[in-house]
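Worksheet: one structure, shown below.
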DNA sequence: CTGTTAGCGCCTTCAT
DNA sequence: ATGAAGGCGCTAACAG
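Residue numbers (the UniProt record's numbering), protein chains in the order written: chain W, 1 to 367; chain R, 1 to 367.
Okay, here's the thing in structure tokens:
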């Protein structure tokens with residue numbers, strides 16, 4: 001059913017070979033057909049407005065330093081010619097680049113998507129563009145991306161977590177711009193850190209189960225080998241259960257964060273520990289998958305089995321019964337990171353900081 | 001519970017003011033303390049390796065054009081000094097920028113996230129970086145982002161949909177790089193188009209309901225006023241129902257794409273048309289919300305009411321009963337766009353194309 | 001195969 | 001308040 005239509009109409013497709021347009025004066029016979037689709041530069045605006053390029057630069061970037069008359073003339077000329085400054089050139093000359101590099105493990109993870117959403121919205125409004133890279137929990141790839149980003153001279157660098165290769169650490173420590181490590185709070189940051197303690201999120205779950213008097217409990221993590229944050233949560237949970245209930249919880253490690261794995265984990269846990277009274281999950285989707293499976297098995301929630309999620313996705317409020325869950329500050333992180341960066345850039349003496357945004361237990365009916 | 005710790009330790013925070021480092025020879029007394037943390041440049045690599053800067057450039061970018069001996073010397077020197085090329089400078093000189101601008105309506109929409117995921121992965125591997133912008137279905141914001149992206153001289157520009165302001169159209173038509181309009185196939189693209197027909201996706205749903213012999217049917221769209229793609233689907237659905245069943249379907253317009261709205265829409269539809277036999281939703285989450293609500297109301301699915309989703313999210317396969325849905329080619333779009341761009345950039349005579357990736361009906365048990 | 005040379009387009013002192 | 005001039009760091013013709 002797929003169809004492909006070739007479109008033969010000529011289009012200014014790939015960049016014209018350098019030589020064709022290099023010398024604006026000497027147009028060779030061959031490219032007469034192509035009416036030099038060269039982008040308009042500041043020099044032409046200057047010519048049209050009857051001023052010098054320097055004045056154009058000033059009129060556009062700091063209008064208050066230019067007389068009102070010239071400013072108007074320049075702006076009109078720029079508008080008429082459809083002038084758009086070349087930011088590559090501007091960045092080279094200005095030593096500052098309105099670029100912020102952000103590295104996340106995954107773009108499809110809705111937590112990081114929410115963070116990026118807030119960051120772009122806030123930073124775009126101030127004229128910054130985001131360079132976004134994803135490393136899929138691969139530390140070497142993270143280092144490659146960080147290296148690549150550094151070579152763009154960004155105004156700031158944002159990276160997820162505080163656990164990096166030596167190379168990445170060296171790079172970030174030497175970076176001549178603010179560096180923000182977000183989403184974690186368990187270790188000391190290289191520069192600024194904005195996040196929360198995953199360990200504490202896990203502890204919160206363990207403490208809640210203990211308070212409810214659940215004796216046999218379990219925890220379902222996901223790809224614990226890769227995801228240090230998920231690991232920290234499971235450790236916090238185990239620690240607290242051990243401490244308050246005096247026993248080791250059963251810990252399962254799902255192969256992914258998806259629903260199907262939650263269902264599988266539920267079956268596995270009930271097989272290994274039939275009298276399990278409550279299960280905490282490393283992600284709401286796992287929890288929802290387990291709830292669907294529980295429904296199929298005829299288990300009542302929370303009477304037979306209590307279920308606690310993590311994430312507070314939209315769906316959590318709408319399941320049957322509504323899912324109790326732990327809410328990380330996903331969008332707050334994005335907003336706080338963006339604001340911190342703007343502050344650091346605006347106020348040279350601004351200091352780095354280490355912010356714990358905390359987590360909240362959202363109590364609904366499933367646990 | 002939130003806490004903020006100020007970290008007083010000195011850090012190379014904001015870019016040093018230009019003047020401090022402008023003249024490398026004349027270091028003023030004030031900044032003696034700061035041991036000129038200037039990034040190493042190609043010139044220094046050249047000096048250390050005992051060659052000219054041009055040779056360093058060649059040894060690093062096209063090693064095959066340099067003698068093995070020098071290549072080794074240069075690479076060693078670069079590694080030892082921790083040299084990272086300045087891409088801003090490289091881009092200015094080279095007239096090509098390894099940047100691809102991508103504009104999507106929303107980063108948190110899992111469809112676009114999947115597309116972006118594939119695009120970054122493929123393009124990053126070839127040395128390109130993605131500039132990502134989101135406009136939240138605001139055409140003026142889309143135009144601002146497009147303008148900003150053009151001023152980075154990107155190697156390619158990718159935009160969602162084929163419905164833009166005149167300004168955006170002008171900009172994209174004049175762009176000296178390949179332009180891809182993705183996710184739609186209903187209109188003619190400006191350059192290359194890669195997507196599918198939303199109208200056809202809607203028709204498919206309508207046709208399926210007609211084939212099943214459902215007489216009273218309804219459609220639940222979401223923010224139809226903003227989302228042209230959702231609108232096209234609802235129109236295709238209505239068109240087909242009218243054509244095959246000879247009647248107008250009930251159309252509801254949800255205020256968002258979230259679960260809660262699906263539940264609300266279900267109640268509203270059953271009130272306005274109590275004998276509704278089947279409902280198609282503009283998004284799986286709406287459909288899942290409606291299924292949860294149906295369960296609360298004691299309605300059996302599909303016996304009392306058939307439900308069809310759109311999106312084929314992970315969750316669709318795991319609901320009770322599993323959700324039948326229409327699957328758009330979200331990740332295929334990302335892969336196809338990335339490959340098209342690489343092809344266009346590699347083969348100067350490559351043409352633009354108009355690709356319909358099609359949709360599929362995934363039949364499970366809910367309809 | 002290698003070095004020399006001349007910019008890429010803009011910003012920013014400096015002088016007027 | 002405005003213009004002239006130099007340079008940001010690198011690439012790409014060209015000559016050797």
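Glycine included, C-beta positions come from ideal geometry on N, C-alpha and C. Predicted, not measured: the structure shown is a model, and the values here were computed from it.
Check, Outcome
"Would you mind sorting residue 160 (chain R) into buried or exposed? The rule is 16 or more other CB atoms within 10 Å of its CB.", "buried"
"Please classify residue 193 (chain W): does DSSP put it in a helix, a strand, or coil?", "strand"
"Counting only beta-carbon atoms, is residue 252 (chain W) nearer than 8 Å to chain R?", "no"
"Please list, in chain order, the chain W residues whose beta carbon lies closer than 9 Å to that of residue 110 (chain R).", "108, 110 and 113"
"For residue 183 (chain W), return the contacting residues in chain R, with the cut-off set at a CB-CB distance below 8 Å.", "Per Cβ cutoff of 8 Å: no residues; residue 183 (chain W) is ~15 Å from chain R at best."
"Taking all protein chains shown into account, do 16 or more other C-beta atoms lie within 10 angstroms of the C-beta of residue 115 (chain R), making it buried, or fewer, making it exposed?", "buried"
"Any residues in the segment 118-140 of chain R with a beta carbon nearer than 9 Å to a beta carbon of chain W? Which ones, in chain order?", "120, 121, 124, 127, 129, 130, 131, 132, 133, 134 and 136"
"Evaluate residue 189 (chain W) with the Cβ neighbour count: other Cβ atoms within 10 Å of its Cβ, from every protein chain shown; 16 or more gives buried, anything less gives exposed.", "buried"
"Check the Cβ-Cβ distances between residue 292 (chain R) and every residue of chain W, and say whether any is below 8 Å.", "yes"
"Output, in chain order, the set of chain R residues within a Cβ distance shorter than 7 Å of residue 148 (chain W).", "129"
"Just the Cα atoms here: how many angstroms apart are residue 172 (chain R) and residue 118 (chain W)?", "27 Å"
"For a quick check, are the C-beta atoms of residue 218 (chain R) and residue 273 (chain R) less than 8 Å apart?", "yes"
"Drop a sphere of 10 angstroms on the beta-carbon of residue 186 (chain W), count the other beta-carbons inside from all chains shown, and report buried for 16 or more, exposed for fewer.", "buried"
"Going by other Cβ atoms of all chains shown within 10 Å of its Cβ, with 16 needed for buried, is residue 324 (chain R) buried or exposed?", "buried"
"Near residue 59 (chain R), what residues of its chain come up, given a Cβ to Cβ distance below 7 Å and the 5 sequence neighbours on each side ignored?", "66, 70, 71, 74 and 75"
"Drop a sphere of 10 angstroms on the beta-carbon of residue 165 (chain W), count the other beta-carbons inside from all chains shown, and report buried for 16 or more, exposed for fewer.", "exposed"
"Taking CB distances under 8 Å as the criterion, tell me whether residue 289 (chain R) reaches chain W.", "yes"
"Use the C-beta contact count for residue 376 (chain R): other C-beta atoms within 10 angstroms, 16 or more gives buried, fewer gives exposed.", "Any property of residue 376 (chain R) remains undetermined from this structure, which presents chain R solely from 1 to 367."
"Spatial neighbours of residue 339 (chain R) within its chain, please: CB distance less than 6 Å, with the 5 preceding and 5 following residues excluded, ordered by chain position.", "none"
"Would you please verify whether the beta carbon of residue 186 (chain R) is less than 8 Å from any beta carbon of chain W?", "no"
"Starting from residue 99 (chain W), trace the beta strand (DSSP E) both ways and give me its first and last residue.", "99-104"
"Answer yes or no: does any C-beta atom of chain R fall closer than 8 Å to that of residue 340 (chain W)?", "no"
"Thinking C-beta only, is residue 322 (chain R) closer than 8 Å to residue 365 (chain R)?", "yes"
"Output needed for residue 348 (chain R): all residues of its chain with C-beta closer than 7 Å, excluding positions within five of it in sequence on either side, in chain order.", "none"
"If we call anything under 8 Å between Cβ atoms a contact, is residue 178 (chain R) one with residue 341 (chain R)?", "yes"
"Using the beta-carbon count (16 or more within 10 Å), is residue 359 (chain W) buried or exposed?", "buried"
"How far does the beta strand (DSSP E) with residue 129 (chain W) in it extend, from its first residue to its last?", "129-134"
"On the DSSP bridge list, what partners appear for residue 221 (chain R)?", "R:253"
"How many whole angstroms separate the CB atoms of residue 313 (chain W) and residue 110 (chain W), which I take to be in contact at a CB cut-off of 8 Å?", "7 Å"
"Round the Cβ separation of residue 123 (chain R) and residue 130 (chain R) to the nearest angstrom and send it over; I've been treating them as touching at under 8 Å.", "6 Å"
"Please classify residue 331 (chain W): does DSSP put it in a helix, a strand, or coil?", "helix"
"Do residue 308 (chain R) and residue 299 (chain R) have their CB atoms nearer than 8 Å?", "no"
"The alpha helix (DSSP H) spanning residue 121 (chain W) covers which residue range?", "110-125"
"Check residue 208 (chain W) in the structure and name its three-state DSSP category.", "helix"
"Check this for me: beta carbons of residue 170 (chain R) and residue 184 (chain R), under 8 Å apart or not?", "no"
"Quick check on residue 352 (chain W): buried or exposed, where buried means 16 or more other Cβ atoms within 10 Å of its Cβ?", "buried"
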